[in-house]
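Trainee: Here it is, the structure in full.
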Amino acid sequence: MLFLRVLLNFLVAGVAIASVVPAEKSGVSAPKSTGKRDVDEDGSGSVLFEYSSSVSVSIESKFGLIVDSCNSGKYQVVESALEEILHKFSDLNSQCHKGISFEFEEVFDFSHEFIKVLLKFQPILLVIKKHPLIADKCGATLFKCGYQLGEIFKFILSYKVDLASLSFSVGIDYRVFGGIGFSFPHIG
């Protein structure tokens, strides 16, 4: 059984690496329609990247506060910090579902940035999970965060991006998210 698990992990890692390595661009490109957004070559001009980096900055700035507040039992401070992060997730979700048509490459590149956001958010969930009282008191805010993340997942998956392989290859553990009450039905 262990051999099959190792073999499966090896095969999944190969697929994940193949999905991360960009293909060579040919000189042929489709003409852009007026309904599509213009993006810089590196993707940095994308509104999705701007909002994604805003979420990252919010998570980074609140991480230490959340850890300290969890350790000292200050659930109000943790909930306040989570509400700020929730607001950023909500803004990002709004941009994803604003009715603007995005190019596949833009969403594919954004999915890499979104995985980085999840990697930064995962340790916050681990800390909160270690403090059941705080997890209980912040349950509603965590549920709202999970909903926003689920909607962003749906957006990315609607562009047929293989988010599962990408996220597993970088170490996202969806059991951590599930242990807090998040649900991502189309991922592992």
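Sequence positions in the sequence shown follow mature numbering (1 follows the signal peptide of the UniProt record, and there is no 0) and run -18 to -1, 1 to 170. All C-beta atoms in this analysis are idealised placements derived from N, C-alpha and C, irrespective of residue type, glycine included.
1. Can you look up Ser35 in the DSSP assignment and give me helix, strand or coil?
2. What is the rounded straight-line gap between the Cα of residue 177 and the Cα of Glu61?
3. Alpha helix (DSSP H) containing Glu95: first to last residue?
4. Over the uninterrupted alpha helix (DSSP H) stretch that includes Phe125, give me the two end residues.
5. Could you check whether the segment 57 to 73 touches the segment 81 to 93, counting it as contact only if at least three pairs of C-beta atoms, one from each stretch, sit closer than 8 Å?
6. Would Leu74 and Ser34 be called neighbours here (beta carbons separated by less than 8 Å)?
7. To the nearest angstrom, how far is the alpha carbon of His94 from that of Lys126?
8. Could you name the residues of the same chain whose beta carbon sits closer than 8 Å to that of Gln104, not counting the 5 residues immediately before and after it, in chain order?
9. Find out if the Cβ-Cβ distance for the pair Leu108, Ser149 is shorter than 8 Å.
10. State the start and end residues of the unbroken alpha helix (DSSP H) segment that holds Gly161.
11. For Ser76, does the three-state DSSP call read helix, strand or coil?
12. When we look at the beta-carbon of Glu42 and count the other beta-carbons within 10 Å, is it buried (16 or more) or exposed?
13. Measuring CB to CB, does Ile138 end up less than 8 Å from Phe96?
14. Could you spell out where the alpha helix (DSSP H) holding Phe166 opens and where it closes?
15. Taking the alpha helix (DSSP H) that Ser151 belongs to, which residues open and close that run?
16. Leaving out the 5 sequence neighbours to the left and right, which residues in its chain are closer than 6 Å to residue 244 when beta-carbon positions are compared?
17. Quick check on Val152: buried or exposed, where buried means 16 or more other Cβ atoms within 10 Å of its Cβ?
Mentor: So, from the listed chains and residues:
1. Three-state result, Ser35: helix.
2. Since the first residue of the chain shown is -18 and the last is 170, residue 177 is not available in this structure.
3. Under the DSSP assignment, Glu95 falls in the alpha helix (DSSP H) whose first and last residues are Phe86 to Lys111.
4. Gly121 to Ser140
5. no
6. yes
7. Going from the Cα of His94 to the Cα of Lys126 covers about 23 Å.
8. Ile154, Asp155, Val158 and Phe159
9. no
10. Gly161 -> alpha helix (DSSP H) spans Tyr156 to Ile162.
11. helix
12. exposed
13. yes
14. Phe166 -> no alpha helix (DSSP H), and no H or E assigned at all.
15. Leu145 to Ser151
16. Outside the displayed range of the chain (-18 to 170) lies residue 244, so it cannot be described from this structure.
17. exposed
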